[in-house]
Amino acid sequence: MDPEQAGQRADAAAPPPPVVRVASSLFLGSARAAAAPEPLARAGVTLVDPFTDYGSSLTVTLPPELQAHQPFQVILRYTSTDAPAIWWLDPELTYGSAKPFVFTQGHSVCNRSFFPCFDTPAVKCTYSAVVKAPSGVQVLMSATQSTYVEEEGVYRFHMEHPVPAYLVALVAGDLQPADIGPRSRVWAEPCLLPTATSKLSGAVEQWLSAAERLYGPYLWGRYDIVFLPPSFPIVAMENPCLTFIISSILESDEFLVIDVIHEVAHSWFGNAVTNATWEEMWLSEGLATYAQRRITTETHGAAFTCLETAFRLDALHRQMKLLGEDSPVSKLQVKLEPGVNPSHLMNLFTYEKGYCFVYYLSQLCGDPQRFDDFLRAYVEKYKFTSVVAQDLLDSFLAFFPELKEQSVDCRAVPERALETVQRAWGRIQEQREVWLRAG
């Protein structure tokens, strides 16, 4: 995919049906399709009326001469302006004020304005990209392979594992690297690089190793981090191989640790195994939050994890009291009404109520280590696919058959989780008082 071209290879049916994609803020120039390796023929393109205010259905009519099960490719040429996925920054909006900067943010459904795609987490695919940039501008993507041809000013990227559309990410600007571990480096503007390096050197490898002990091998090769200007619209994004993080988080050691470890956890829960529908985002965020806290327990101790968990669950408890338990917003599995942007469904409940349910499952089995073994098996079974909640529950009961006859009451799960953490924190406070009195 070059900046103005997107392609797809597939097998044809007989007769070949149209190819349907989702697009937003894209101006289409042409479409061509053919059976490989035949020359591409012009294909019909229909951009129907928008089905929401953030997307349209793009239909490509295939040439009739395509045979059943015959590989073919479709090439779309397009340009984009005012795309919500792509953020263009003047030099003055960066820390160094030296060069322009651009980054993408695809979650949840913004990448349809970056390239035409099956913009649903249920569909995963590999991708390749070719990006041309001015001299002195570093380009990075969420890809497992990258090369740079200096005489052409061209970067080539390839993601060898299937990912959903929202995990395709690009950043370009005045970025410099520094290694912080055997498979990790940070990228940042030159003025930020020393701080980023000093805060994360050696730590990311420690967190990755802890996660691997719990949930199995890290599947993505490298784990790099790029620090973005303050206009980055969220705190962090778990793009495979290249986590995006807002630079202002460098001012807080605690938040930096928690957020980076959360994105590390997404490498297993969210990136490798993805929620198939936006209505079940807790499958990504709830499991990642649980894994994050297991990792921090291993690397920073139970007290650190208890304090962070108690703070977040107390906020959840107060929010539930404010909205009421029957509020549609507070449901673990939300209803995505037609025309509603999935990004609007992301809230505290996605993370913390999801965490509470996963924590509840771990309590049912009675042994955190056995539950870690289950999650490792779950990732191994479903890696590089998308799942629904029933897949998780079926796998859980298959791993713990003794629990099949046990009833599950989810209504009091958040309160039970909060009470458990509060008891643990109370014990830590008691130990602290004993230590202080002992001088």
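Taking our numbering, I'd label the letters of the sequence shown as residues 221 to 659.
Even for Gly, the Cβ is constructed at its ideal location relative to N, Cα and C.
Using the Cβ count rule (16 or more neighbours within 10 Å means buried), how would you classify residue i?
i           : result
residue 271 : Note that residue 271 has pLDDT 49, beneath the 50 cutoff, so the model's placement of it is unreliable and the number below is only indicative. So residue 271 counts as exposed.
residue 531 : exposed
residue 571 : buried
residue 422 : exposed
residue 387 : buried
residue 289 : exposed
residue 477 : buried
residue 487 : buried
residue 535 : exposed
residue 304 : buried
residue 424 : buried
residue 308 : exposed
residue 310 : exposed
residue 368 : exposed
residue 268 : Low confidence applies here, because residue 268 scores a pLDDT of 49, under 50, leaving its location unreliable; read the following figure in that light. With fewer than 16 Cβ atoms within 10 Å of its Cβ, residue 268 is classed as exposed.
residue 505 : buried
residue 346 : exposed
residue 409 : buried
residue 622 : exposed
Can you check which of these residues, the options, is closest to residue i by C-alpha distance?
i           : options            : result
residue 384 : 453, 564, 498      : 498
residue 348 : 471, 280, 377      : 377
residue 361 : 475, 324, 493, 338 : 324
residue 469 : 463, 500, 447, 459 : 447
residue 443 : 426, 449, 285, 339 : 426
residue 344 : 392, 617, 606      : 606
residue 413 : 402, 394, 456      : 394
residue 296 : 305, 433, 336      : 336
residue 451 : 328, 595, 321      : 321
residue 569 : 379, 299, 541      : 541
residue 519 : 365, 552, 430      : 430
residue 276 : 317, 483, 332      : 332
residue 458 : 622, 439, 480, 555 : 480
residue 428 : 338, 482, 500      : 482
residue 619 : 299, 424, 329, 584 : 584
residue 650 : 523, 560, 622      : 523
residue 402 : 514, 410, 441, 350 : 441
residue 292 : 283, 529, 602, 312 : 283
residue 379 : 350, 371, 600, 611 : 350
residue 243 : 609, 573, 506, 330 : 330
residue 354 : 371, 366, 341      : 371
residue 328 : 577, 626, 318, 563 : 563
residue 602 : 342, 314, 334      : 342
residue 589 : 549, 547, 514, 521 : 514
Which residues in the same chain as residue i place their Cβ atom closer than 6 Å to its Cβ, once the five residues preceding and following it in sequence are excluded?
i           : result
residue 352 : 373, 374
residue 509 : 571, 575
residue 485 : 508, 511, 512
residue 357 : 392
residue 595 : 435
residue 439 : 492
residue 598 : 615
residue 463 : 445, 483
residue 359 : 351, 353, 375, 392
residue 339 : 242, 329, 332, 385
Quick one: what's residue i bridged to in DSSP?
i           : result
residue 404 : 401
residue 457 : 464
residue 444 : 462
residue 606 : 494
residue 309 : 321
Below 8 Å CB to CB, which residues in the same chain sit around residue i once its five sequence neighbours on both sides are set aside?
i           : result
residue 657 : none
residue 581 : 591, 616
residue 473 : 419
residue 600 : 436
residue 389 : 323, 324, 325, 326, 361, 362, 457, 459, 462, 464
Please go through the same chain and pick out, in chain order, the residues whose beta-carbon is closer than 7 Å to the beta-carbon of residue i, but skip the five residues on each side of it.
i           : result
residue 417 : 398, 400, 406
residue 624 : 617
residue 501 : 495, 565, 566, 570
residue 475 : 469
residue 604 : 344, 381, 382, 492
residue 553 : 499, 500, 609
residue 316 : 394, 409, 410, 411
residue 453 : 325
Please give the ranges of any beta strand (DSSP E) in the region 312-400, keeping only runs that are unbroken, at least 3 residues long and fully inside the region.
Runs of the beta strand (DSSP E) inside the region 312-400: 321-324, 345-352, 358-361, 365-369, 374-383, 390-393.
| task | Note down, one range per segment and in chain order, each alpha helix (DSSP H) of at least 4 residues found wholly within the region 472-502. | result | Within the region 472-502, the runs of alpha helix (DSSP H) that reach at least 4 residues and sit entirely inside it are, in chain order, 473-486.
Run through the region 502-573 for me and flag every whole alpha helix (DSSP H) of 4 or more residues, listed as ranges in chain order. Fully enclosed alpha helix (DSSP H) runs of 4 or longer: 502-520, 522-543.
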